[in-house]
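Protein sequence lines, in the order shown, are assigned to chains A and B.
All residue numbers for the first sequence refer to this note's numbering, where the first residue is 1 and numbers rise by one.
All residue numbers for the second sequence refer to this note's numbering, where the first residue is 1 and numbers rise by one.
Glycine is no exception: its CB is placed at the ideal position from the N, C-alpha and C atoms.
Okay, so here's the structure we're looking at.
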Amino acid sequence: AQRVTQPEKLLSVFKGAPVELKCNYSYSGSPELFWYVQYSRQRLQLLLRHISRESIKGFTADLNKGETSFHLKKPFAQEEDSAMYYCALRGEYGNKLVFGAGTILRVKS
Amino acid sequence: EPEVTQTPSHQVTQMGQEVILRCVPISNHLYFYWYRQILGQKVEFLVSFYNNEISEKSEIFDDQFSVERPDGSNFTLKIRSTKLEDSAMYFCASTDPRRTSVAFFGQGTRLTVV
Numbered sequence: 001a002q003r004v005t006q007p008e009k010l011l012s013v014f015k016g017a018p019v020e021l022k023c024n025y026s027y028s029g030s031p032e033l034f035w036y037v038q039y040s041r042q043r044l045q046l047l048l049r050h051i052s053r054e055s056i057k058g059f060t061a062d063l064n065k066g067e068t069s070f071h072l073k074k075p076f077a078q079e080e081d082s083a084m085y086y087c088a089l090r091g092e093y094g095n096k097l098v099f100g101a102g103t104i105l106r107v108k109s
Numbered sequence: 001e002p003e004v005t006q007t008p009s010h011q012v013t014q015m016g017q018e019v020i021l022r023c024v025p026i027s028n029h030l031y032f033y034w035y036r037q038i039l040g041q042k043v044e045f046l047v048s049f050y051n052n053e054i055s056e057k058s059e060i061f062d063d064q065f066s067v068e069r070p071d072g073s074n075f076t077l078k079i080r081s082t083k084l085e086d087s088a089m090y091f092c093a094s095t096d097p098r099r100t101s102v103a104f105f106g107q108g109t110r111l112t113v114v
């Protein structure tokens with residue numbers, strides 16, 4: 001079964017502090033992992049995906065197959081990073097996304 | 001930048017009534033999806049649609065649900081006889097055939113069944 005776990009409902013940090021949003025997955029094959037972000041009153045939008053291996057808005061995420069994790073990191077949080085972050089998985093067959101429960105990131109000044 | 005658009009943004013309906021949620025996917029996309037999010041819960045996959053037919057559906061997508069692409073631009077989700085537990089945010093998404101894994105989402109329709 002495909003499953004994505006985001007253990008933290010809320011992560012609150014001060015501006016300039018490092019951020020790590022945790023994501024673990026369960027999938028027997030070779031998944032594709034994504035981070036989607038939803039800013040206040042906006043739509044879900046792609047932040048990054050593991051196969052691109054890129055940094056978007058200072059965020060990075062590395063797929064660790066041994067630990068089945070895809071944690072999202074940023075060295076210095078900014079207030080505009082405050083949003084809901086969803087980790088999602090796409091299996092090898094089909095195109096559907098399986099989402100985690102989401103983590104609210106609050107960056108305080 | 002092209003966007004997926006959904007109408008209405010909020011729909012209130014009485015239990016037992018039929019509702020149609022509408023979506024206009026991005027014009028050159030070929031895969032279309034509906035997801036839903038019950039308040040406080042995960043975003044859940046309902047159905048995917050490709051080449052004018054359902055390509056995958058979840059257990060949630062029972063006989064009360066149907067999807068249609070009535071013309072070249074719209075993609076609709078119909079709930080035949082709404083139940084209280086159908087109250088949720090419904091998201092439409094579409095993907096580019098060259099990048100099938102990257103889903104672009106609409107802003108959602110909040111369905112409230114009373």
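- Query: Who pairs with B:Cys23 in a beta bridge, going by DSSP?
  - Reply: For the purposes of this step, residue 23 of chain B is identified with residue 23 of the second sequence, where counting begins at 1. Paired residues: B:Gln6 and B:Phe75.
- Since B:Glu56 meets chain A, which of its residues come closer than 7 Å, beta carbon to beta carbon? Working through the second sequence from its first residue, we reach residue 56 of chain B at position 56. Per Cβ cutoff of 7 Å: Gly94 and Lys96.
- Query: According to DSSP, is A:Leu44 helix, strand or coil?
  - Reply: For this step, residue 44 of chain A is matched to residue 44 along the first sequence. Three-state DSSP puts A:Leu44 in coil, outside helix and strand.
- Message: Which residues does DSSP list as the beta-bridge partners of A:Tyr72?
- Response: For the purposes of this step, residue 72 of chain A is identified with residue 72 of the first sequence, where counting begins at 1. The question names Tyr, but residue 72 of chain A is Leu in the sequence shown. Answer by DSSP bridge pairing, in chain order: A:Leu21 and A:Ala61.
- Query: Would you call the segment 60 to 71 of chain A and the segment 13 to 28 of chain A touching, i.e. three or more CB-CB distances under 8 Å?
  - Reply: yes
- Message: Beta carbons nearer than 8 Å to chain A: which residues of the segment 26 to 38 of chain B have them?
- Response: Tyr31, Tyr33 and Tyr35
- Query: Any C-beta of chain B sitting closer than 7 Å to the C-beta of A:Leu44?
  - Reply: Reading the first sequence from its first residue, position 44 is the one you call residue 44 of chain A. It does; some Cβ of chain B falls within 7 Å.
- Sheet register partners of B:Glu68 (DSSP bridge): For the purposes of this step, residue 68 of chain B is taken as residue 68 along the second sequence, with counting starting at 1. Bridge partners of B:Glu68: B:Thr76.
- Item | Within chain A, partners of B:Ala103 - CB distance below 7 Å | For the purposes of this step, residue 103 of chain B is taken as residue 103 along the second sequence, with counting starting at 1. Leu97, listed in chain order.
- Message: Between B:Gln6 and chain A, is any beta-carbon pair separated by less than 7 Å?
- Response: Taking the second sequence and counting its residues from 1, the one referred to as residue 6 of chain B is at position 6. Judged by the 7 Å Cβ criterion, B:Gln6 is not in contact with chain A.
- Message: Contact criterion: CB-CB distance below 7 Å. Does A:Glu32 meet it with respect to chain B?
- Response: Here residue 32 of chain A corresponds to residue number 32 of the first sequence, with the count starting at 1. Yes, A:Glu32 counts as interfacial toward chain B.
- Task: Alpha carbon to alpha carbon, how far is B:Phe45 from B:Arg36? Give it in angstroms, no decimals.
- Result: Position 36 of the second sequence, counted from the start, is the residue given in the question as residue 36 of chain B. Position 45 of the second sequence, counted from the start, is the residue given in the question as residue 45 of chain B. Near 7 Å, if we compare the C-alpha coordinates of B:Phe45 and B:Arg36.
- Item | Where A:Gly100 meets chain B, residues with beta-carbon distance less than 8 Å | Taking the first sequence and counting its residues from 1, one reaches residue 100 of chain A at position 100. Neighbours of A:Gly100 on chain B, chain order: Lys42.
- Message: Whole angstroms are fine: how far does the CA of A:Ala101 sit from the CA of A:Gly16?
- Response: Your numbering for residue 16 of chain A matches position 16 in the first sequence. Your numbering for residue 101 of chain A matches position 101 in the first sequence. Approximately 26 Å, taken between the alpha carbons.
- Message: Can you check which of these residues, B:Thr13, B:Phe32, B:Gly72 and B:Val24, is closest to B:Tyr50 by C-alpha distance?
- Response: Counted from its first residue, the second sequence places residue 50 of chain B at position 50. Looking at the Cα atoms, B:Phe32 is the closest of the given residues.
- So, is the C-beta of A:Arg90 closer than 7 Å to a C-beta in chain B? On the first sequence, position 90 is the one that residue 90 of chain A refers to. A:Arg90 counts as touching chain B.
- Message: Do A:Leu33 and A:Leu105 have their beta-carbon atoms positioned less than 7 Å apart in this structure?
- Response: Sequence index remark: in the first sequence, residue 105 of chain A carries index 105 (1-based). Sequence index remark: in the first sequence, residue 33 of chain A carries index 33 (1-based). In this structure, A:Leu33 does not lie closer than 7 Å to A:Leu105 by Cβ.
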